[in-house]
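Below you'll find the structure, written out as C-alpha cells, and then a few comments.
Chains as they are written, first to last, in this note's numbering: chain A, 20 to 398; chain B, 5 to 298.
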C-alpha cells in the first residue's frame, strides 16, 4: 500500500508538478558551431556572439522572467560529429530549439534529425539547399549565394557590361557560386566568356588571368575565400589587368584588405551590411541593430564583429522573439518563427513565410568598393 | 593579346614558380644524398621560413633584413632539434621508419605553428615594392627577381661547398659509402646533422622569398613540399643542376597546363610527371643509371 502511495506521488510529481516547476526552469537552447577545425573562422565568432546575446538577455531578466540556458557543442566542422551532437542536444539536453551549425555540409547532415524530432533549427550556413525545399522546422539566417550574384549582375547591367569572365575556387563555396553565376547569367543578359577555376591552395593564378586578359571579357568575377582571392588581386595587378575585378562576399572582411594590400584598391564586392554599418543612411532599418551588434562585439571580444557572428545574432534574436510571442514549446517556436515579418537583423531584414524559410531579399547585400584600404558604399 | 604573348607570360610565370620548386627540391636532395633519408618535413621548413619572418616583421617590428636572418636562424634550430631528437635516436634506421618519422615530425611542426600563430593566412610586403616590371607584353614583380637571385646564389654556394670544402667533400663521401667514410675518420653522424642544417636553412629561404607572392599560413608546407619533392625526383635527387631543371620544368608545365588546357589539371600535371618518372626513369631524366652524383 505504501508502495502504491509512493508511486502515486511520484506520478503526480511527474505529471502535475513538473510543468508548474518548469515555468521557473530555464529555457534550453542548443547551439552547434564549428568552433575549431577548418571552418573555425565561422564557428568562433558565431559561438562568441550567441553566448553574448544570451548573456545579455539573462542580464535583462531573461525571456518573460525565465532565464535562457545556451548549451553549445563544437562540431569541428565535421558532419559526423554534428549528427551525433544534434541527437545529444535533442535526446539528452532536451533543448527547445537549436542554433547552427556553421557550414552547409553539417546542416544538410542533421536536417532530418531536427525535422523528425520536431525541434526548430536555425542554421547559420548559406547553402540554398537548406531551405529549398522548405522543411517545417528548418530555418536559416545566412544569405543565399544567389542574392550576392544578383547584386553583381545588376551592377554590371547598369554599367552596360555584358561579357564576364568567372574564376572560381574548386571547393564547395566556389562551385556553389559558379552554379549561381551560370544559372543567373541569362536573366541579366550576361555572357560568360571565360569559365575557369583554381585550387584552394594555389599560389599563382597568372596563367588563368593571362587567359582572361586575352579574351573578350569586360569584367572578372572571382568567387572564393581567403587567401586565393588576395593572390588573384595581386596577380591581376602584376599583369596590369585593366578589367574591373569583382569578388564574392566570401572575402568581405578586413583580412582581405590586409592580405591583398595595394592590389585590393578598386575591387568591388557584395557584402552584408555589417561591414559598412556606420556608412549606412539613417533611414536604413537595419542600422540600429547593426550598430548595437558592432559595439557589443567590440566591447566583449576586442575584435570587429563580422557577418559570420551576425548570423548567430540573427538566429538567437529570432528565437527570442518567437519565444516571447508563443512560449518555448518547440512546435510553437517554429510556428512563431514562420510568422516573423520585417525583423531588421544583421544579415538583412527577415520575413519568413510558410514557403520561405530563408527570409531575405537581395537588399541583404550592398555593393562595396575598396578605396584607400577601406570600404566605400557603391551607389 | 595574341597567343604568343600569352605563352611568354605562361613561361615567365612558370619559370618563377619553378625556381621556388627547385630551391625546395634542393633541400630534399641534400639530405637524401648525405643520409639516404627523404625528409618529408622539408615543406615545414619552408612554412617556418615564411611564418617566422611574418612574426618578426609584424609582432616584433624588426627591419626586414633582421627578420630574414632571424627566420633562417630559428628554422635552422628547428632543423637541428629535429635531427637530434627524432632522427638520431632511432635504433634501426630503415627507410620506412625514417619516412614515417619525418612525416610525423612534419605534422608536429605544423600543429605547433598552428597553435603559436593561429590558422589565419598572413601577408608579407614585397622586399622591394610591388610595382610590376614590364617585359614586352609580359610582366614580373620585383619579388620574382629576388627569387631568381637567391635561388642562383644558393645553387652556386652549394656547388662550391660540396666540391671545394673539406666538409662538403666529407658529406659527399658519406653519400657514396657511409661505412668507408667512417673508416677514414669522417664523423658520419656529424655530417647528417650538417645536412639538416643546410637544408633547413635553404627551406626557410625558399619560405621567405615566396611569402610576399603567395602569402603564408601554417599549412602551406604540404603542397610546396610535395612540389619540391617532385622537382627533386625529376632531377634524379641530384643536389646540383638536375633538381634545378626539374623544378623549372615542373613550374613551366604547370603554368602551360593551367593556361592552355585547364587549371583543373594544374596539380595533376605535377603528379603525372612524378609517376611517369618513377615508372620509366627512376634515376631521374638527367642522370645515367650507373653514375653517382651528389
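Virtual Cβ for every residue (Gly too), placed ideally from N, Cα, C.
Report task. Please name the residue or residues paired with residue 87 of chain A in a DSSP beta bridge. Result -> Here the question's residue 87 of chain A lines up with position 68 in the first chain. BP columns for residue 87 of chain A point to A:46.
Query raised in the report: Using the beta-carbon count (16 or more within 10 Å), is residue 110 of chain B buried or exposed?
Result: Start at 1 with the first residue of the second chain, and residue 110 of chain B comes out as number 106. Residue 110 of chain B comes out buried.
Query raised in the report: Is it right to say residue 138 of chain B is buried, meaning 16 or more other beta carbons lie within 10 angstroms of its own, or is it exposed?
Result: On the second chain, position 134 is the one that residue 138 of chain B refers to. Burial call: exposed.
Requested in this report: Name the one or two DSSP bridge partners that residue 133 of chain B has.
Outcome: Taking the first residue of the second chain as 1, we reach residue 133 of chain B at position 129. According to DSSP, residue 133 of chain B bridges with B:131.
**Report entry** Segments assigned beta strand (DSSP E), at least 3 residues, entirely inside the segment 92-173 of chain B
**Finding:** 137-139, 142-144
**Report entry** Min CB distance residue 218 of chain A to chain B below 9 Å
**Finding:** As a position in the first chain, residue 218 of chain A is number 199, starting the count at 1. It does; some Cβ of chain B falls within 9 Å.
Query raised in the report: Around the C-beta of residue 231 of chain B, are 16 or more other C-beta atoms found within 10 angstroms, so that it is buried, or is it exposed?
Result: Within the second chain, the letter at position 227 stands for residue 231 of chain B. Buried: at least 16 other Cβ atoms inside 10 Å.
Query - Assigned exposure category for residue 274 of chain A - 16 Cβ within 10 Å defines buried - result: One-based indexing of the first chain puts residue 274 of chain A at position 255. Under this definition residue 274 of chain A is a buried residue.
Query raised in the report: Given that a residue counts as buried once 16 or more other Cβ atoms are within 10 Å of its Cβ, and exposed if not, what is residue 176 of chain B?
Result: Here residue 176 of chain B refers to the residue found at position 172 of the second chain. Buried.
Query raised in the report: So residue 112 of chain B packs on residue 78 of chain B, CB below 8 Å; how close in whole Å?
Result: In the second chain, residue 112 of chain B corresponds to position 108, counting from 1. In the second chain, residue 78 of chain B corresponds to position 74, counting from 1. Incorrect: roughly 16 Å between the Cβ atoms, too far for contact.
Query raised in the report: Closer than 9 Å, CB to CB, is residue 301 of chain A near chain B or not?
Result: Residue mapping note: residue 301 of chain A aligns to position 282 of the first chain, counting from 1. So no, residue 301 of chain A is outside the interface.
Query raised in the report: Of all the options B:260, B:261, B:238, which has the alpha carbon lying nearest to the alpha carbon of residue 250 of chain B?
Result: Within the second chain, residue 250 of chain B is the residue found at index 246, counting from 1. Cα-wise, what sits closest to residue 250 of chain B is B:238.
Query raised in the report: Straight-line CA distance for residue 338 of chain A to residue 377 of chain A?
Result: The sequence position of residue 338 of chain A within the first chain is 319, counting from 1. The sequence position of residue 377 of chain A within the first chain is 358, counting from 1. Near 14 Å, if we compare the C-alpha coordinates of residue 377 of chain A and residue 338 of chain A.
Query raised in the report: For a contact meaning CB atoms closer than 8 Å, what does residue 281 of chain A contact in chain B?
Result: Looking up residue 281 of chain A in the first chain gives position 262. Per Cβ cutoff of 8 Å: 134.
Query raised in the report: Comparing the C-beta of residue 274 of chain B with each C-beta of chain A, is any distance below 9 Å?
Result: Stepping through the second chain from its first residue, residue 274 of chain B is reached at position 270. Closer than 9 Å: no.
Requested in this report: Could you tell me whether any Cβ in chain A is nearer than 9 Å to the Cβ of residue 127 of chain B?
Outcome: Taking the second chain and counting its residues from 1, the one referred to as residue 127 of chain B is at position 123. Answer yes: the Cβ-Cβ gap between residue 127 of chain B and chain A drops below 9 Å somewhere.
Query raised in the report: Per DSSP, which one or two residues make a beta bridge with residue 272 of chain A?
Result: Counting from 1 along the first chain, the entry for residue 272 of chain A is found at position 253. DSSP output for residue 272 of chain A lists no bridge partner at all.
**Report entry** Inter-residue spacing [alpha-carbon to alpha-carbon] between residue 166 of chain B and residue 8 of chain B
**Finding:** Counted from its first residue, the second chain places residue 166 of chain B at position 162. Counted from its first residue, the second chain places residue 8 of chain B at position 4. Looking at the two C-alpha atoms, the distance is approximately 41 Å.
Query raised in the report: Can residue 32 of chain B and residue 10 of chain B be called in contact, C-beta distance under 9 Å?
Result: Here residue 32 of chain B is taken as the residue at index 28 of the second chain, counted from 1. Here residue 10 of chain B is taken as the residue at index 6 of the second chain, counted from 1. No, they are not a contact pair.
Query raised in the report: Are the Cβ atoms of residue 278 of chain A and residue 21 of chain B separated by less than 9 Å?
Result: To locate residue 278 of chain A, count along the first chain from 1; it is residue 259. To locate residue 21 of chain B, count along the second chain from 1; it is residue 17. Their beta carbons are not under 9 Å apart, which means residue 278 of chain A does not touch residue 21 of chain B by this criterion.
**Report entry** residue 304 of chain A - DSSP class collapsed to helix/strand/coil
**Finding:** As a first step, residue 304 of chain A is located in the first chain; it is residue number 285 there, counting from the start. In the structure shown, residue 304 of chain A sits in coil (DSSP, three-state: anything other than H, G, I, E or B).
Query raised in the report: Can you give the Cα-Cα distance for residue 40 of chain A and residue 346 of chain A, rounded to whole angstroms?
Result: Reading the first chain from its first residue, position 21 is the one you call residue 40 of chain A. Reading the first chain from its first residue, position 327 is the one you call residue 346 of chain A. Low confidence applies to residue 40 of chain A: its pLDDT is 46, below 50, so where it sits in the model is not reliable enough to give any reading.
Query - Residue range of the unbroken beta strand (DSSP E) whose run includes residue 386 of chain A - result: Here residue 386 of chain A is taken as the residue at index 367 of the first chain, counted from 1. It spans 384-390 - the beta strand (DSSP E) in which residue 386 of chain A sits, taken as one unbroken run.
Query raised in the report: Is residue 434 of chain A helix, strand or coil by DSSP?
Result: Since the first and last residues shown for chain A are 20 and 398, residue 434 of chain A lies out of range.
Query raised in the report: How would you write the range of the alpha helix (DSSP H) that residue 70 of chain B sits in, first residue to last?
Result: As a position in the second chain, residue 70 of chain B is number 66, starting the count at 1. Unbroken alpha helix (DSSP H) run through residue 70 of chain B: 68-86.
Requested in this report: Quickly, what does DSSP pair residue 241 of chain A with across the bridge? List them, please.
Outcome: Here residue 241 of chain A refers to the residue found at position 222 of the first chain. According to DSSP, residue 241 of chain A bridges with A:186.
Query - Neighbour list for residue 46 of chain B in chain A, Cβ cutoff strictly below 8 Å - result: Here residue 46 of chain B corresponds to residue number 42 of the second chain, with the count starting at 1. Residues of chain A passing the Cβ test: none, with the nearest at roughly 17 Å.
Query raised in the report: Leaving out five residues before and five after residue 273 of chain B in sequence, what residues of the same chain have Cβ atoms less than 6 Å from its Cβ?
Result: For the purposes of this step, residue 273 of chain B is identified with residue 269 of the second chain, where counting begins at 1. Closer than 6 Å at Cβ, skipping near neighbours: 257, 258, 261.
Query raised in the report: Are residue 47 of chain A and residue 114 of chain A touching if we call contact CB-CB under 9 Å?
Result: The sequence position of residue 47 of chain A within the first chain is 28, counting from 1. The sequence position of residue 114 of chain A within the first chain is 95, counting from 1. Yes, they are a contact pair.
Query raised in the report: In chain A, which residues lie with their C-beta within 8 Å of the C-beta of residue 23 of chain B?
Result: Stepping through the second chain from its first residue, residue 23 of chain B is reached at position 19. Ordered by position in chain A, no residue passes the 8 Å Cβ test against residue 23 of chain B, which lies about 12 Å from the chain.
Query raised in the report: Near residue 280 of chain A, which residues of its chain fall below 8 Å by C-beta distance, leaving aside the five closest residues on each side in sequence?
Result: Translated into the one-based positions of the first chain, residue 280 of chain A becomes position 261. Hits under 8 Å: 253.
Query raised in the report: Considering residue 275 of chain B, what are the terminal residues of the beta strand (DSSP E) in which it resides?
Result: Here residue 275 of chain B refers to the residue found at position 271 of the second chain. Here residue 275 of chain B belongs to no beta strand (DSSP E); instead the alpha helix (DSSP H) covers 270-284.
Requested in this report: Can you tell me the Cβ-Cβ gap for residue 205 of chain B and residue 80 of chain B, rounded? I've got them flagged as a contact below 8 Å.
Outcome: Counted from its first residue, the second chain places residue 205 of chain B at position 201. Counted from its first residue, the second chain places residue 80 of chain B at position 76. Correct: roughly 5 Å between the Cβ atoms.
Query raised in the report: In terms of residue numbering, what span does the beta strand (DSSP E) encompassing residue 225 of chain B cover?
Result: Against the second chain, residue 225 of chain B aligns to sequence position 221. It is not in any beta strand (DSSP E) - residue 225 of chain B instead sits in the alpha helix (DSSP H) that spans 225-238.
**Report entry** Cutoff 9 Å: residue 224 of chain B Cβ touching any chain A Cβ
**Finding:** One-based indexing of the second chain puts residue 224 of chain B at position 220. Yes - at least one Cβ of chain A is within 9 Å of the one on residue 224 of chain B.
Query raised in the report: Can you find a CB in chain A that lies within less than 9 Å of the CB of residue 156 of chain B?
Result: Residue 156 of chain B sits at position 152 when you count from the first residue of the second chain. Output row for residue 156 of chain B: interface = no.
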